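Chemist: The structure under discussion is supplied below as structure tokens; questions concerning it will follow.
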Amino acid sequence: MSQYEEQESETQKEPEIELESATEIKLFGKWGYEGLKVSDMSLEDQMSWKPNSRRFLTHSSGRWQVKPFRKIKCPIVERFVCSLMMHGRNAGKKMMAIRILKHTFEIINLITEENPIQVLLDAITNSGPREDTTRVGKGGGARRQAVDVSPLRRVNIGIYYLCFGARKSAFRNTKSISECLADELINAAKGNSTSFAVKKKDEIERVARSNR
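Positions 1 to 212 (full-length UniProt numbering) are the ones given, in order, by the sequence shown.
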């Protein structure tokens, strides 16, 4: 093979390498979705993070509320961003919620040196109660009965308590909401009871055990 043919073959291989790197989707251009896993098998189908749900930004402009259970297909990071917009004065401020989450992920990456998307998945898994109570009966004959919680509701409750705990700790605090949210996610991912979400989960399960 001549020198000209060798140079031509090398130039033909370079675009293939660039194309492969360009097709990799990274959230905010920093964190990839490869190698992620959910420790609880029952929640794996309820948290959408697989190839069809991978996004560069946490805004897909999707109509996830049109049909029941369609929000399962909504990317899990976007569902978390939408929960950050609750309640009242934060309603509709999605760009602000996206900016908060981006700063939170940067803090998590600096502290733990892990993929913050994996930390988010672990935090949601550890924050959803497996058992809850419901009212059975009517009027004066009603009583509390322990029931199992569906996987979708576990994810919903976990996301809600993580966001609620971060907002509560950031109120009248010198720390920013991003720092408080990072602390909440890291502690919840470790299963630490200092996390508001994990503490509420343990409380709900304790009440359910007493009403079996």
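Ideal placement from N, C-alpha and C gives every residue a C-beta, glycine not left out. The structure displayed is predicted, hence computed values, not measured ones.
Quickly, what does DSSP pair residue 26 with across the bridge? List them, please.
Modeler: 32
Chemist: Could you give the C-beta distance for residue 84 and residue 101, rounded to a whole number, given that I count them as a contact under 8 Å?
Modeler: 7 Å
Chemist: Compare the beta carbon distance of residue 31 and residue 117 with 8 Å and say whether it is the shorter of the two.
Modeler: Taking 8 Å as the Cβ cut-off, residue 31 and residue 117 qualify as a contacting pair.
Chemist: Less than 8 Å separating the beta-carbons of residue 131 and residue 208?
Modeler: For residue 131 and residue 208, yes; Cβs fall inside 8 Å.
Chemist: To the nearest angstrom, how far is it from the Cα of residue 198 to the Cα of residue 191?
Modeler: For the pair residue 198 and residue 191, the Cα-to-Cα distance works out to about 7 Å.
Chemist: Three or more C-beta pairs under 8 Å: does that hold for the region 129-147 against the region 48-67?
Modeler: no
Chemist: List the residues that DSSP assigns as beta-bridge partners of residue 66.
Modeler: In DSSP, residue 66 forms no bridge with anything.
Chemist: Between residue 185 and residue 110, is the Cβ-Cβ spacing less than 8 Å?
Modeler: no
Chemist: When the Cα of residue 70 is compared with those of 172, 174, 152, which residue comes out closest?
Modeler: 152
Chemist: Take residue 95 as the anchor and find which of 88, 78, 64 has the nearest alpha-carbon.
Modeler: 78
Chemist: Counting only the same chain and skipping the five closest in sequence on each side, list residues whose C-beta sits under 7 Å from that of residue 24.
Modeler: 32
Chemist: Going by alpha carbons, who is nearest to residue 149 out of 67, 133, 161?
Modeler: 133
Chemist: Starting from the Cα of residue 112, find the closest Cα among 187, 206, 38, 86 and give me that residue.
Modeler: When only C-alpha atoms are compared, the closest one is 187.
Chemist: When DSSP builds the beta bridges, which residues end up paired with residue 145?
Modeler: 134
Chemist: Would you kindly report the start and end of the unbroken alpha helix (DSSP H) that includes residue 183?
Modeler: 177-190
Chemist: Look up residue 48 in the DSSP assignment and give the residues it is bridged to.
Modeler: 75
Chemist: Which residues in the same chain as residue 201 place their Cβ atom closer than 6 Å to its Cβ, once the five residues preceding and following it in sequence are excluded?
Modeler: 127, 129
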